[in-house]
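In what follows, a single structure is set out as structure tokens and then discussed.
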Amino acid sequence: MVDVAGYHQVISTEHRESYERDGYLQLPGFIDSNTLAGLKKASDEFVELSRELRTSGKILDLEPGHTEEEPRIRRLNSPVDHHETFRDFSFVGAAAELACALLGGPVRYHHSKLNFKWSDGGEEVRWHQDIQFWPHTDFSPLTIGVYLADVDQEMGPMGVLPGSHRGTLFDQYRPDGAWDGAIGANDLETLDLTDVKWLSGPAGSVTVHNCCMVHGSLPNNSPRPRPLLLQTYSRADSYPIAHIGANGSTGALSGSVIGGDSRQRIVVDGREIPGAPDWSRRGAPTIFGSQQQDT
Ligand SMILES: O=C(O)CCC(=O)C(=O)O
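82 is the number of the first residue of the sequence shown in the numbering used here; add one for each residue after it.
Quick look at the structure:
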């Protein structure tokens with residue numbers, strides 16, 4: 082369980098203020114060496130597992146050139162669902178504590194992924210904002226990234242455009258109406274990308290970016306993979322809006338509240354709805370069952 086009284090000590094007031102102002106944080110070497118070793122070991126287990134695979138599946142997304150001898154993994158989907166070490170890190174460990182500290186109270190876990198961005202050409206992530214992929218009832222969602230290896234500028238580090246989280250939320254559809262998941266060329270021209278900060282750092286460094294932040298990363302043209310473990314949280318009183326984007330398909334543990342309880346209350350059109358409990362995992366009771374207090 083995350084220690085609610087203690088989590089504010091995880092980062093300084095200056096860090097919190099700078100996150101609010103700029104929409105991102107860079108915390109070099111934030112993760113302790115034991116935790117980092119555990120995360121790397123867990124990650125290595127999936128690299129070994131991938132050797133038996135020929136095509137991408139629900140758990141591992143492989144690059145076309147993937148082979149048993151030379152694995153090339155794009156992404157491990159929802160690591161928390163597949164390994165206890167990732168689960169502990171995201172739900173009771175440093176990532177959970179940092180999320181609670183930055184959001185100032187209990188948080189709601191949304192999803193996680195491990196982007197490997199393999200060596201010698203691991204793919205670019207074009208400029209985009211996250212909130213369009215999984216809209217919430219507020220703009221509190223943030224993503225915490227941890228580099229599992231030393232990451233230098235050649236390796237395609239995460240790039241963020243400071244302050245862009247307070248700007249336009251761009252349409253990430255293509256002109257033909259298909260979903261692109263990236264900001265279009267005309268909109269990109271309205272942004273000053275010379276201000277981008279490339280967040281490199283030694284293994285165990287942490288990046289944080291707000292859900293409205295313009296961000297992306299270049300291809301990894303180095304001979305070293307760039308594993309970045311990402312986990313997303315919102316405030317506990319922020320809710321994913323169903324039937325838009327990835328909401329509802331983000332893993333079995335999505336929606337779990339960390340560091341306290343959810344009040345299940347939202348304000349819509351100025352009226353507060355004291356909502357029912359979350360029945361998404363155990364199934365909703367019928368109104369008869371609830372009113373007769375069936376257990
Ligand atoms: O892996 C990266 O460099 C960026 C990842 C990202 O922005 C995403 O997966 O939404």
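We put the beta carbon where it would ideally sit given N, CA and C, even for glycine.
On a predicted model such as this, the values are computed, not experimentally measured, just so you know.
Count the CB pairs spanning the region 184–195 and the region 151–158 that are closer than 8 angstroms, and state whether there are at least three.
yes
Report the CB separation of residue 203 from residue 307 in whole angstroms; it is logged as a contact under 8 angstroms.
Translated into the one-based positions of the sequence shown, residue 203 becomes position 122. Translated into the one-based positions of the sequence shown, residue 307 becomes position 226. Their Cβ separation, rounded to whole angstroms, is 6 angstroms, which keeps residue 203 and residue 307 in contact under 8 angstroms.
Where the beta carbon is closer than 7 angstroms to any heavy atom of ligand 1, which residues qualify, in chain order?
Going by the Cβ distance cut-off, the answer is 194, 196, 198, 206, 209, 211, 237, 239, 296, 297, 298, 309 and 311.
Give the single residue among 128, 164 and 256 whose Cα lies nearest to the Cα of residue 147.
On the sequence shown, position 66 is the one that residue 147 refers to. Answer by Cα proximity: 128.
In chain order, what are the residue ranges of uninterrupted alpha helix (DSSP H) at least 4 long that sit wholly in the region 163–193?
165–172 and 175–184
Within 10 angstroms of the Cβ of residue 379, are there 16 or more other Cβ atoms? Answer buried if so, exposed if not.
Residue coverage of the chain in this structure runs from 82 to 376, which leaves residue 379 outside it and unanswerable.
In the DSSP assignment, the alpha helix (DSSP H) including residue 320 goes from what residue to what residue?
Position 239 of the sequence shown, counted from the first residue, corresponds to residue 320. Where residue 320 is concerned, there is no enclosing alpha helix (DSSP H), given that its DSSP letter is neither H nor E.
According to DSSP, what are the bridge partners of residue 313?
The count along the sequence shown starts at 1 and reaches residue 313 at position 232. Residue 313 pairs with 192 and 224.
Whole angstroms are fine: how far does the CA of residue 311 sit from the CA of residue 229?
What you label residue 229 is simply residue 148 of the sequence shown in a count that begins at 1. What you label residue 311 is simply residue 230 of the sequence shown in a count that begins at 1. The straight-line gap from Cα to Cα measures roughly 11 angstroms.
What does a CB cutoff of less than 8 angstroms around residue 174 pick up in its chain, not counting 5 residues either side in sequence?
Within the sequence shown, residue 174 is the residue found at index 93, counting from 1. Correct list, in chain order: 116.
Where does residue 372 fall in DSSP's three states?
As a working mapping, residue 372 is identified with position 291 in the sequence shown. Here residue 372 sits in helix by DSSP.
Does the pairing of the region 272–283 with the region 308–328 give three or more beta-carbon distances under 8 angstroms?
No, the region 272–283 is not in contact with the region 308–328.
Any chance the region 161–173 sits against the region 289–308, with 3 or more Cβ pairs inside 8 angstroms?
no
Between the alpha carbons of residue 338 and residue 103, how many angstroms are there, rounded?
Residue 338 sits at position 257 when you count from the first residue of the sequence shown. Residue 103 sits at position 22 when you count from the first residue of the sequence shown. The straight-line gap from Cα to Cα measures roughly 26 angstroms.
In angstroms with no decimal places, state the Cα-to-Cα distance between residue 172 and residue 93.
Numbered from 1 along the sequence shown, position 91 holds the residue referred to as residue 172. Numbered from 1 along the sequence shown, position 12 holds the residue referred to as residue 93. Approximately 21 angstroms, taken between the alpha carbons.
Of the residues 141, 352 and 263, the one placed nearest residue 124, counting alpha carbons only:
Position 43 of the sequence shown, counted from the start, is the residue given in the question as residue 124. Of the listed residues, the one whose Cα sits closest to residue 124 is 141.
Quick check on the DSSP output: what are the complete alpha helix (DSSP H) runs of length 4 or more inside the region 223–278, in order along the chain?
266–269
With distances taken Cα to Cα, identify the nearest neighbour of residue 291 among 260, 330, 271 and 250.
Taking the sequence shown and counting its residues from 1, one reaches residue 291 at position 210. The shortest Cα separation from residue 291 among 260, 330, 271 and 250 belongs to 250.
Would you give the residue range spanned by the alpha helix (DSSP H) that residue 102 belongs to?
Here residue 102 refers to the residue found at position 21 of the sequence shown. Looking at the DSSP string, the run of the alpha helix (DSSP H) that includes residue 102 is 94–103.
Rounded to the nearest angstrom, what separates residue 254 and residue 206 at their Cα positions?
Taking the first residue of the sequence shown as 1, we reach residue 254 at position 173. Taking the first residue of the sequence shown as 1, we reach residue 206 at position 125. Their backbone Cα atoms lie some 16 angstroms apart in a straight line.
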